[in-house]
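Per this note's numbering, the very first residue in the sequence shown carries number 2; after that it's consecutive.
No residue lacks a Cβ here, since even glycine has one placed at the ideal position from N, Cα and C.
Computed from a prediction, not measured in an experiment: that's the story for all the values here.
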Amino acid sequence: MQGPAKKFQDLSVWQKAHQFVLGVYAVTTLFPKEEAFGLTSQLRRAAISIPANIAEGFKRTGRPDKARFMNIAQASMEECRYYLILSKDLGYSDTHDLFELSDEICKMLEAYCKTLKKPG
């Protein structure tokens, strides 16, 4: 069994979130050029926010502060999920794989938040 994470990169939820960002960047390169300052930018910024908030929360002291950053990551994940639905409905890209990865990240973030809310 692995011990506690020493740096944010050790967190499996951060690793998955980072993979999600890389996937978002790959998919958004296929979006129409007129979306560069619209959906492409919005989706990329929301995606980047997920692992960034996990990383920032990792260094915060105190469970409530850590949980707050994980909650921000959760909210950014939900924002991305909407943008993925919109991207698919507009016919810009097949976002099935990213949506599956987002499901996994959502579950991991939820579990992490529950752990932070436990006493001790």
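Annotated three-state conformation of T116 is helix, per DSSP. Boundaries of the alpha helix (DSSP H) around P65: R64 to D90.
Going by C-alpha positions, L12 is about 25 angstroms away from V28.
For T96, there is no enclosing alpha helix (DSSP H), since its DSSP letter is neither H nor E.
Contact check for A74 against P52 passes: the beta carbons are separated by less than 9 angstroms. Shortest Cα-Cα distance from K7 to any of C107, M71, F100 and A56 involves A56. The DSSP-derived three-state label of L40 is helix. Taking a contact as a CB-CB distance under 8 angstroms, the pair K60 and L117 does not count as one, their CB atoms being some 14 angstroms apart.
Within 10 angstroms of the beta-carbon of Y113 lie 16 or more other beta-carbons, which makes it buried.
With a cutoff of 9 angstroms on beta-carbon distance, F38 and S103 are scored as not near each other.
For T29, the enclosing alpha helix (DSSP H) covers residues S13 to T29. Of the residues assessed, S88 falls on the buried side of the cut-off, its CB having 16 or more other CB atoms within 10 angstroms.
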